[in-house]
Amino acid sequence: MYFTRETDYAVRIVRHLASVGCRTEAKKISEATGVTLRFALKILSKLVSGGVVRSYKGTQGGYELQKPASAITLREIVEIIEGPVYLSKCLHEEGECSCGDKQGCKVRGVFAEIADTVNQKMEGYTVDQFL
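In our numbering, the protein residues as written are 14 to 144.
So, in structure tokens, the structure goes:
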């Protein structure tokens, strides 16, 4: 399991928006985070759709956090970009369990427990802790 570069950049972008604390143009976000403008715009669009970032159009346009940094968890950012975190396909509702016994599989239970621990840990970190 690993997070993509897009998730890493999303965390950087949200962290940057939290640190400036005001509406910021995409170009400035791109420059400050080292993310290309095109990729930053794609990530910002997902963060807007996910309810973490608010966008403004026009001459006074830009982006800002939609809620306080203390209310945005690492898990929320990861799930906006990556989707839910699973350690195995069999943990996903539509996933196939390779052993054929999804309900009675002991390995599946261990993977589920580990995934729960990872998700709880990510839930415990908020953006304000990264400032």
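Backbone N, C-alpha and C define an ideal beta-carbon position, used for all residues, glycine too. Here the structure is a predicted model, which means the values were calculated and not measured.
From the DSSP output, in three-state form, read off residue i for me.
i	result
Ser-101	coil
Arg-36	coil
Leu-144	coil
Val-66	strand
Tyr-22	helix
Gly-71	coil
Thr-46	helix
Can you give me the C-alpha to C-alpha distance between residue i and residue j, rounded to a whole angstrom?
i	j	result
Asp-21	Lys-119	33 Å
Leu-60	Gly-122	32 Å
Leu-50	Glu-38	10 Å
Glu-126	Ile-42	37 Å
Ala-128	Glu-136	12 Å
Please name the residue in the options whose C-alpha comes closest to that of residue i.
i	options	result
Cys-35	Asn-132, Gly-71, Glu-77, Ser-58	Glu-77
Ala-23	Glu-92, Val-33, Ala-125, Asn-132	Glu-92
Tyr-15	Pro-97, Gly-117, Tyr-69, Lys-40	Pro-97
Lys-102	Gly-117, Glu-95, Phe-124	Phe-124
Gln-133	Ala-53, Arg-28, Glu-89, Ile-94	Glu-89
What is the C-beta distance between residue i and residue j, in whole angstroms, given that I count them as a contact (C-beta under 8 Å)?
i	j	result
Leu-30	Val-66	7 Å
Gly-75	Tyr-69	6 Å
**Contact between the stretch 132-141 and the stretch 82-101 (3+ Cβ pairs under 8 Å)** = yes
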